[in-house]
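As structure tokens, the structure follows; a few thoughts come after it.
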Amino acid sequence: QVQLVESGGGLVQPGGSLRLSCAASGISFKLYVMGWYRQAPGKSRELVATVTSGGNTFYAESVKGRFTISRDNAKNTVYLQMNSLKAEDTAVYYCNADMSLLSVNYWGQGTQVTVSA
1 QVQLVESGGG
11 LVQPGGSLRL
21 SCAASGISFK
31 LYVMGWYRQA
41 PGKSRELVAT
51 VTSGGNTFYA
61 ESVKGRFTIS
71 RDNAKNTVYL
81 QMNSLKAEDT
91 AVYYCNADMS
101 LLSVNYWGQG
111 TQVTVSA
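Numbering-wise, my numbering puts 50 at position 50 of the sequence shown, and it's gapless, one number per residue.
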């Protein structure tokens, strides 16, 4: 059974930091591109960042320079370090595991991030 379990969300003031974690089980973690997406109220889900098994990263323009995605293949875990948080970063953040070659894609249950004074 595949599970992606996110943690680390919460309430933070503007300018603050949070670190999200996503622990994966039931998949060959190294074979997947891991990513973080987010969905704000009334908006579509959007890509935040991705990281390949080899460590190549991609970021949405809105988070470049503030967020850092990383992974630990030994722990089957992907992280999202979020700094200089803004109110517009408020959303439910979802972990994603993607293997496009086989059209396989998994999602976590999401973790709420709220940036507010």
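All C-beta atoms, glycine included, are put in the ideal place defined by N, C-alpha and C.
In terms of residues, what are the limits of the beta strand (DSSP E) holding residue i?
| i | result |
| --- | --- |
| residue 45 | It is not in any beta strand (DSSP E) - residue 45 carries neither H nor E in the DSSP assignment. |
| residue 88 | Premise fails: residue 88 is in no beta strand (DSSP E) and is neither H nor E. |
| residue 105 | 104-107 |
| residue 10 | 10-12 |
| residue 20 | 18-25 |
| residue 5 | 3-7 |
| residue 120 | Beyond the ends of the chain as shown, which are 1 and 117, falls residue 120; an answer cannot be given. |
| residue 115 | 111-115 |
Buried or exposed: where does residue i fall if 16 or more other Cβ atoms within 10 Å of its Cβ makes it buried?
| i | result |
| --- | --- |
| residue 102 | exposed |
| residue 9 | buried |
| residue 104 | exposed |
| residue 2 | exposed |
| residue 31 | exposed |
| residue 87 | exposed |
| residue 172 | Residue numbering for the chain in the displayed model covers 1 to 117; residue 172 lies beyond these limits and cannot be assessed. |
| residue 97 | buried |
Does the beta carbon of residue i sit closer than 9 Å to a beta carbon anywhere in chain D?
| i | result |
| --- | --- |
| residue 111 | Among the protein chains of the structure shown there is no chain D, as only one such chain exists. |
So who's on the other strand from residue i, going by DSSP bridges?
| i | result |
| --- | --- |
| residue 79 | 21 and 70 |
| residue 33 | 98 |
Notebook entry, point to check: Are three or more beta carbon pairs between the segment 79-90 and the segment 7-21 nearer than 8 Å?
Noted result: yes
Next item on the list: For the segment 67-75 and the segment 45-56, state whether three or more C-beta atom pairs, one from each stretch, are separated by less than 8 Å.
Entry: yes
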